[in-house]
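Participant:
Chains as they are written, first to last, in our numbering: chain A, 141 to 445; chain B, 5 to 157.
1. Suppose you measure from the CA of residue 128 of chain B to the CA of residue 144 of chain B; what does that come to, to the nearest Å?
2. Give me whichever residues DSSP pairs with residue 100 of chain B in a beta bridge.
3. Using a threshold of 8 angstroms, state whether the C-beta atoms of residue 251 of chain A and residue 245 of chain A are closer than that.
4. Quick one: what's got a C-beta closer than 7 angstroms to residue 357 of chain A's C-beta in the same chain, skipping five residues either side?
5. Is residue 452 of chain A close to chain B? Criterion is C-beta to C-beta, closer than 8 angstroms.
6. With a threshold of 6 angstroms on Cβ separation, who are the neighbours of residue 433 of chain A within its own chain once the five nearest residues in sequence on each side are excluded?
7. Confirm, please, whether the CB-CB distance from residue 64 of chain B to residue 21 of chain B is below 8 angstroms.
8. With distance defined between alpha-carbon atoms, name the residue in B:97, B:94 and B:142 nearest to residue 114 of chain B.
9. Within 10 Å of its beta-carbon, does residue 104 of chain A have 16 or more other beta-carbons around it, so buried, or fewer, so exposed?
10. If you measure from the beta carbon of residue 308 of chain A to each beta carbon in chain B, is any gap under 8 angstroms?
11. Could you give the distance in angstroms between the alpha-carbon of residue 144 of chain A and the alpha-carbon of residue 158 of chain A?
12. From what residue to what residue does the beta strand (DSSP E) around residue 44 of chain B run?
13. Return the bridge partner residues of residue 147 of chain B from the DSSP annotation.
14. Using DSSP with H/G/I as helix, E/B as strand and the rest coil, what is residue 300 of chain A?
15. What residues from the segment 82-111 of chain B come within 8 angstroms of chain A, judged by C-beta to C-beta, listed N to C?
16. Tell me the DSSP secondary structure of residue 444 of chain A in three-state form.
17. Given a cut-off of 8 angstroms, decide if residue 444 of chain A and residue 179 of chain A are closer than it, judged by their beta-carbon atoms.
18. What residues from chain A crowd round residue 15 of chain B, counting only those whose CB sits closer than 8 angstroms?
19. Please compile the residues from chain A whose C-beta is within a distance smaller than 8 angstroms of the C-beta of residue 171 of chain B.
20. How about residue 101 of chain B and residue 90 of chain B: are their beta carbons less than 8 angstroms apart?
21. Measure from the C-beta of residue 119 of chain B to each C-beta in chain A and report whether the shortest distance is under 8 angstroms.
22. Alpha carbon to alpha carbon, how far is residue 7 of chain B from residue 94 of chain B?
23. Looking at the structure shown, is residue 455 of chain A part of a helix, part of a strand, or coil, going by DSSP?
24. I'd like to know whether the C-beta of residue 131 of chain B is nearer than 8 angstroms to at least one C-beta of chain A.
25. Among residues of its own chain, excluding the 5 on either side of residue 418 of chain A, which ones have a beta-carbon nearer than 7 angstroms to its beta-carbon?
26. Determine the chain B residues that contact residue 228 of chain A at a beta-carbon separation under 7 angstroms, and present them in chain order.
27. To the nearest angstrom, how far is it from the Cα of residue 15 of chain B to the Cα of residue 76 of chain B?
28. Going along the chain, which residues of the segment 270-281 of chain A sit with their C-beta nearer than 8 angstroms to a C-beta in chain B?
29. Which whole-angstrom value is the C-beta distance of residue 430 of chain A and residue 198 of chain A, which I expect to be below 8 angstroms?
30. Judging by CA-CA distance, which residue of A:299, A:196 and A:336 is the nearest neighbour of residue 386 of chain A?
31. Would you grab the beta carbon distance between residue 146 of chain A and residue 273 of chain A for me? Rounded to a whole angstrom, and I think it's under 8 angstroms.
32. State the start and end residues of the unbroken beta strand (DSSP E) segment that holds residue 61 of chain B.
33. Checking the sheet assignment: what are the DSSP bridge partners for residue 264 of chain A?
34. Considering Cα atoms alone, identify which of A:318, A:267 and A:377 is closest to residue 187 of chain A.
35. According to DSSP, is residue 169 of chain A part of a helix, a strand, or is it coil?
36. Anything in the segment 323-344 of chain A with a Cβ closer than 7 angstroms to a Cβ of chain B? List those residues in chain order, please.
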């Protein structure tokens, strides 16, 4: 049985390198055989205090395929939360109804707090701009799946590197695997110095660019993110840089044949649709991998693997 | 050296003395400890001659015995002051403050989106840089620094 039984997953740093790998190995088994009704005696609560399409459906699909019953809400409207119930009281109550809580809440740190109040394990499905560890786990799964390894890779991160929480978590996680980071962003959206410091502390290297073309021949993975208009105080500044981080099919000429393009989705225009038809596009498979990884996490945490 | 004869701020029989306070921080120390509302004698001296600092502040608080949290509060506002416990006019204990590794309850997280600012959740921080005073919130993982620190009073 997994050492992850009974554990919470709140932040990507909660698990060791060995534990990430364990989850990825279990997820591979679910990819081979997704319908294993090993949680048929369990109840999973999905508490979504703000709307989410992909993450909630992915968790619920994963729980369903494992045979678990699902309770919860996809929007706090109509629940006791709207009547002013505290997160504390909601979590204490739900703990007595479910074997596992999956929670998304816009308040940063809310999942850590919920895990301290709950009497059952908690998986963080996103706490504001803070952490979204299952996204990071599925990114790792997709990288390993496409490259055959997580070690010694050239990882290019493109777009909003300043505010993108998936980017920060991925950097933290890949620091365990001797990665080299290639950072492509407008000057205003560079990776924060605290995240760069964690690369340096791990004894690894990063290089910064403003043009995607520079990194195409080097990259094993191009991880695209959306540059959001609302991040720019000056709309003119947004107009000036918005097209600098768009990936088109013709830009991929000269890339490694094994290179794959990842994106946490939803995409807007930062990957043009002509990339979808190339063998390098992996973002839709990446989203599908989220189900296997979430199956693996739920099964391991509930002691079924 | 102070001697009993030269005391500018009178001695107290029992309580706590905070000595060697940088002059500009004396009122912040009073504030962080909530001494404005303390219902016993508080003796305050500032701009007193000091061999160590040139000029210093001193606060003597009658019948108050510091908790660990009080010491942490003083350390955050004024690191490296001296805290002296007095019993029967004698020094019972004397130590220099030091910023602790962990802080609970009395610092407010600087991140307005943190759960601790939305619900009645006691704050917890790890001190990641004592020289530049940088605290990492246990919940939202964001940093509170010297420039953004506020206290629950």
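Even glycine gets a Cβ: it sits at the ideal position worked out from N, Cα and C.
This structure is a prediction, so every number in the text was calculated from the model and none was measured.
Facilitator: Reading from the atomic positions:
1. Working through the second chain from its first residue, we reach residue 128 of chain B at position 124. Working through the second chain from its first residue, we reach residue 144 of chain B at position 140. Taking the straight line joining both Cα atoms gives about 10 angstroms.
2. For this step, residue 100 of chain B is matched to residue 96 along the second chain. Residue 100 of chain B is bridged to B:86.
3. Here residue 251 of chain A refers to the residue found at position 111 when the first chain is read from its first residue. Here residue 245 of chain A refers to the residue found at position 105 when the first chain is read from its first residue. Yes, these two residues count as a Cβ contact at 8 angstroms.
4. Working through the first chain from its first residue, we reach residue 357 of chain A at position 217. Answer for residue 357 of chain A: 394 and 395, listed in chain order.
5. Outside the shown range of chain A (141 to 445) lies residue 452 of chain A, about which nothing can therefore be said.
6. The residue you call residue 433 of chain A lines up with position 293 of the first chain. Result list for residue 433 of chain A: 167, 277, 278 and 281, in chain order.
7. Taking the first residue of the second chain as position 1, residue 21 of chain B is located at position 17. Taking the first residue of the second chain as position 1, residue 64 of chain B is located at position 60. For residue 21 of chain B and residue 64 of chain B, yes; Cβs fall inside 8 angstroms.
8. The count along the second chain starts at 1 and reaches residue 114 of chain B at position 110. Of B:97, B:94 and B:142, the residue nearest in Cα terms is B:142.
9. This structure does not reach residue 104 of chain A, given that chain A is present from 141 up to 445, and the question cannot be answered.
10. Against the first chain, residue 308 of chain A aligns to sequence position 168. Chain B, which has no Cβ nearer than 8 angstroms to the Cβ of residue 308 of chain A, makes this no.
11. Numbered from its first residue, the first chain carries residue 144 of chain A at position 4. Numbered from its first residue, the first chain carries residue 158 of chain A at position 18. Residue 144 of chain A and residue 158 of chain A: Cα-Cα distance of roughly 11 angstroms.
12. As a working mapping, residue 44 of chain B is identified with position 40 in the second chain. Neither: residue 44 of chain B is in no beta strand (DSSP E) and is coded neither H nor E.
13. On the second chain, position 143 is the one that residue 147 of chain B refers to. The partner list for residue 147 of chain B (beta bridge, DSSP) reads B:140.
14. The sequence position of residue 300 of chain A within the first chain is 160, counting from 1. Coil, per DSSP.
15. none
16. Here residue 444 of chain A refers to the residue found at position 304 of the first chain. Residue state, collapsed to three classes: coil.
17. Residue numbering aside, residue 179 of chain A sits at position 39 when the first chain is read from its first letter. Residue numbering aside, residue 444 of chain A sits at position 304 when the first chain is read from its first letter. Yes, Cβ-Cβ distance for residue 179 of chain A and residue 444 of chain A is below 8 angstroms.
18. On the second chain, residue 15 of chain B is found 11 positions in, with the first residue counted as 1. Under the 8 angstroms cutoff, chain A gives no residues; its nearest Cβ is about 46 angstroms from residue 15 of chain B.
19. Because chain B in this structure spans residues 5 to 157, residue 171 of chain B falls outside the shown range and cannot be described.
20. Taking the second chain and counting its residues from 1, one reaches residue 101 of chain B at position 97. Taking the second chain and counting its residues from 1, one reaches residue 90 of chain B at position 86. Cβ atoms of residue 101 of chain B and residue 90 of chain B: not closer than 8 angstroms.
21. On the second chain, residue 119 of chain B is found 115 positions in, with the first residue counted as 1. By this cut-off, residue 119 of chain B is an interface position.
22. One-based indexing of the second chain puts residue 7 of chain B at position 3. One-based indexing of the second chain puts residue 94 of chain B at position 90. The predicted position of residue 7 of chain B is uncertain, since its pLDDT is 49 and thus under 50; no value can be drawn from it.
23. This structure gives no information on residue 455 of chain A, because the portion of chain A shown stretches from 141 to 445.
24. Numbered from 1 along the second chain, position 127 holds the residue referred to as residue 131 of chain B. Cβ-Cβ to chain A under 8 angstroms: no for residue 131 of chain B.
25. Reading the first chain from its first residue, position 278 is the one you call residue 418 of chain A. Cβ neighbours of residue 418 of chain A beyond the five flanking positions: 389 and 392.
26. Residue 228 of chain A sits at position 88 when you count from the first residue of the first chain. 123, listed in chain order.
27. In the second chain, counting from the first residue as 1, residue 15 of chain B sits at position 11. In the second chain, counting from the first residue as 1, residue 76 of chain B sits at position 72. Residue 15 of chain B and residue 76 of chain B: Cα-Cα distance of roughly 24 angstroms.
28. 270 and 271
29. If you number the first chain from 1, residue 430 of chain A lands on position 290. If you number the first chain from 1, residue 198 of chain A lands on position 58. Right, their Cβ atoms sit about 4 angstroms apart.
30. One-based indexing of the first chain puts residue 386 of chain A at position 246. Of A:299, A:196 and A:336, the residue nearest in Cα terms is A:299.
31. For this step, residue 146 of chain A is matched to residue 6 along the first chain. For this step, residue 273 of chain A is matched to residue 133 along the first chain. Not a contact, Cβ separation roughly 17 angstroms.
32. Position 57 of the second chain, counted from the start, is the residue given in the question as residue 61 of chain B. 58-66 is the extent of the beta strand (DSSP E) around residue 61 of chain B.
33. Walking along the first chain from the start, residue 264 of chain A turns up at place 124. Paired residue(s): A:243.
34. Walking along the first chain from the start, residue 187 of chain A turns up at place 47. Nearest C-alpha to residue 187 of chain A: A:267.
35. Numbered from 1 along the first chain, position 29 holds the residue referred to as residue 169 of chain A. Of the three classes helix, strand and coil, the one that applies to residue 169 of chain A here is helix, per DSSP.
36. none
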